[in-house]
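Chains as they are written, first to last, in the working numbering: chain A, -8 to 323; chain B, 1136 to 1445.
Glycine included, each C-beta is placed from N, C-alpha and C at the ideal position.
Reading through the structure tokens given below for one structure.
Shown next, in the form of structure tokens:
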């Protein structure tokens, strides 16, 4: 009996340890392939991360455009998406009548569940022509073909909205009701309560959501690949001295370039090695985002206490129980 | 006395100024409430638009033939079969490990470096982009570290990759479900003399089962939409013959990968029609899994726990 208890404990612990093993394996195997760009092909790391020419067939692997592309798309999506997401979260927790609250939950879950490829197709079929139409009428004819930074960021905005919203809802509903009551008792209106009390109190929770949203946006592949224009040699924006001062150009991101090049890269080629280096770069970026999210979350004051682990029931009971079993076993 | 009264009059704002402040606050309160309603309605409208824009164009394509023939006759039967095959295989691989880990975290583990490491690994794994997990799957499951073939482009390699990708999610869902089991049930089980293993297998897991089921169904909804992780592990196309074999080493694409393949390499019959039909099918599956099974799981919850508290 006691043996089996011990075995089951080991089995469960191995299952938990497997998560660590898998995570470590991803980092190790991607890393083992990533260094080849520098060690086998003798590309200068500085030239890799700050070079602007990406044409692996000619021996040029400068990934700066891709890195800038990934970050600019992500940041723009977060800038547009955060106010909207926090708005929806405030609506659900503070404003909505119960029926509307019940209605919003499946809406958010459906938005999360829609495959990224569908977002990509919709962006390609509807958003790209729409953006081109609007900007070409607004700025000047033939200003843009609709592909690029703005379209990709808008598609990503819709994709990260449910992530930021649901984490903001958790943060807002974990706030003790006393905060609301105290603010309202001072004569504040609901909006004043939200702006001066609730949003500041929930800010670290909301910020955690924003960081997780960034993680999702920077790793998104297919939706972006359809609308970014995939040109690895032009920065997302080009600044001009005359009107319209800024030009939106088709660009590319880390994920998109990995997706497109991986199919064509021959084994052992510079292109393949460079893809693995890109992969490791992205892995490190998303790891840093997770660490940042954890750090911000650990700073929040108001957390849902119901999720706290409970005390171990078996601590005090086990000794006598175990002893009895041993006696039985030795008698046999 | 008169001095105090005078000072009080100076300190208190004039009545009309106070009224102005109050009315301004009320005005902004109303405006912002309106804006919050507008944002929420906008999000709902956006969702409806997305669903209708993908659902309607393909409805006319959906036919018995479309659902039951392979690509050579313009159908998507192999893709439907592969989608469910890969998902079920991934669940079979993933659930035992995820449940074991969750049980360990909830019932066995003491706070310490190991638990911290497991939680950190779970969060990191959940944050890794699916394309990267796909490339890792290519490295480890499709080939032997990039050299020789292991499983090749196959449904098994795809399922293993999807299992890794969703391990953190299922782990978290199972852990939540186990934690929400009332403590009295554990106490009762222990009081009856059951050991820890018995308590877990006979009391905790059965009680948490409705919660686990709901979580797994939500995960399946997510798996249906997975594309980036499958492109380089489960192949971009299915063979026209023999797709219905149960051999896990067969290569095969899912509905989402099929959509990607149609978009990136438009070769074959009626591409536009196939694309519209596949998108419609995906949206239908999503609606079924998110709305239909939500009702089912709440029913299950009521049946199994006798008037669910959730």
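Opposing strand residues paired with residue i [DSSP bridges]
{"i": "residue 239(A)", "result": "228(A)"}
{"i": "residue 46(A)", "result": "51(A)"}
{"i": "residue 220(A)", "result": "242(A)"}
{"i": "residue 1446(B)", "result": "Since the first residue shown for chain B is 1136 and the last is 1445, residue 1446(B) is missing from the structure and cannot be characterised."}
Nearest-angstrom Cβ-Cβ length linking residue i and residue j, presumed shorter than 8 Å
{"i": "residue 39(A)", "j": "residue 28(A)", "result": "6 Å"}
{"i": "residue 1324(B)", "j": "residue 1334(B)", "result": "4 Å"}
{"i": "residue 271(A)", "j": "residue 54(A)", "result": "About 11 Å separates the two Cβ atoms, so there is no contact after all."}
{"i": "residue 1312(B)", "j": "residue 1228(B)", "result": "In fact, because the Cβ distance is near 20 Å, the residues do not count as touching under 8 Å."}
{"i": "residue 195(A)", "j": "residue 290(A)", "result": "5 Å"}
{"i": "residue 1421(B)", "j": "residue 105(A)", "result": "6 Å"}
{"i": "residue 1084(B)", "j": "residue 1225(B)", "result": "Nothing in the structure corresponds to residue 1084(B), since chain B is present only between 1136 and 1445."}
{"i": "residue 65(A)", "j": "residue 249(A)", "result": "So it is not a contact: roughly 16 Å between Cβ atoms."}
{"i": "residue 1361(B)", "j": "residue 1297(B)", "result": "6 Å"}
Buried or exposed (CB count within 10 angstroms, at least 16 for buried), residue i
{"i": "residue 1198(B)", "result": "exposed"}
{"i": "residue 132(A)", "result": "exposed"}
{"i": "residue 7(A)", "result": "buried"}
{"i": "residue 1246(B)", "result": "exposed"}
{"i": "residue 1305(B)", "result": "buried"}
{"i": "residue 1379(B)", "result": "exposed"}
{"i": "residue 299(A)", "result": "Its pLDDT being 45, under 50, residue 299(A) is placed unreliably by the model, and the measurement read from it follows with that caveat. Flag for residue 299(A) reads exposed."}
{"i": "residue 297(A)", "result": "Residue placement at residue 297(A) cannot be trusted, given a pLDDT of 47 that sits under 50; the coordinates are not used to answer."}
{"i": "residue 1195(B)", "result": "exposed"}
{"i": "residue 1330(B)", "result": "buried"}
{"i": "residue 1350(B)", "result": "buried"}
{"i": "residue 1189(B)", "result": "buried"}
{"i": "residue 257(A)", "result": "exposed"}
{"i": "residue 78(A)", "result": "buried"}
{"i": "residue 1(A)", "result": "exposed"}
{"i": "residue 46(A)", "result": "exposed"}
{"i": "residue 1257(B)", "result": "buried"}
{"i": "residue 254(A)", "result": "exposed"}
Distance CB(residue i)-CB(residue j) smaller than 8 Å
{"i": "residue 1363(B)", "j": "residue 43(A)", "result": "no"}
{"i": "residue 61(A)", "j": "residue 245(A)", "result": "yes"}
{"i": "residue 1264(B)", "j": "residue 277(A)", "result": "yes"}
{"i": "residue 1341(B)", "j": "residue 1435(B)", "result": "no"}
{"i": "residue 219(A)", "j": "residue 247(A)", "result": "yes"}
{"i": "residue 1365(B)", "j": "residue 1269(B)", "result": "yes"}
{"i": "residue 180(A)", "j": "residue 1160(B)", "result": "yes"}
{"i": "residue 97(A)", "j": "residue 1426(B)", "result": "yes"}
{"i": "residue 217(A)", "j": "residue 284(A)", "result": "no"}
{"i": "residue 243(A)", "j": "residue 223(A)", "result": "yes"}
{"i": "residue 1273(B)", "j": "residue 1367(B)", "result": "yes"}
{"i": "residue 1407(B)", "j": "residue 1193(B)", "result": "no"}
{"i": "residue 1277(B)", "j": "residue 1285(B)", "result": "yes"}
{"i": "residue 1222(B)", "j": "residue 1355(B)", "result": "yes"}
{"i": "residue 1332(B)", "j": "residue 9(A)", "result": "no"}
{"i": "residue 1174(B)", "j": "residue 70(A)", "result": "no"}
{"i": "residue 1316(B)", "j": "residue 1343(B)", "result": "yes"}
{"i": "residue 1253(B)", "j": "residue 11(A)", "result": "yes"}
Own chain residues within Cβ distance below 8 Å of residue i, not counting five before or after
{"i": "residue 192(A)", "result": "166, 170, 292 and 293"}
{"i": "residue 267(A)", "result": "21, 24, 25, 27 and 28"}
{"i": "residue 1357(B)", "result": "1301 and 1304"}
{"i": "residue 17(A)", "result": "274"}
Cut-off 7 Å between Cβ atoms - residues of its own chain near residue i, not counting five sequence neighbours on either side
{"i": "residue 63(A)", "result": "140 and 227"}
{"i": "residue 73(A)", "result": "155 and 201"}
{"i": "residue 1372(B)", "result": "1388 and 1396"}
{"i": "residue 80(A)", "result": "156, 159, 160 and 163"}
{"i": "residue 1203(B)", "result": "1210 and 1212"}
{"i": "residue 123(A)", "result": "135, 136 and 137"}
{"i": "residue 107(A)", "result": "150, 211, 213 and 214"}
{"i": "residue 1218(B)", "result": "1359, 1389 and 1390"}
{"i": "residue 50(A)", "result": "261"}
Other residues of its chain near residue i: CB distance less than 6 Å, five sequence neighbours each side excluded
{"i": "residue 1266(B)", "result": "1363"}
{"i": "residue 3(A)", "result": "none"}
{"i": "residue 1428(B)", "result": "1352"}
{"i": "residue 301(A)", "result": "At residue 301(A) the pLDDT is 44, less than 50, meaning the model places this residue with poor confidence and gives no usable figure here."}
{"i": "residue 1347(B)", "result": "1309 and 1312"}
{"i": "residue 203(A)", "result": "154 and 284"}
{"i": "residue 263(A)", "result": "256"}
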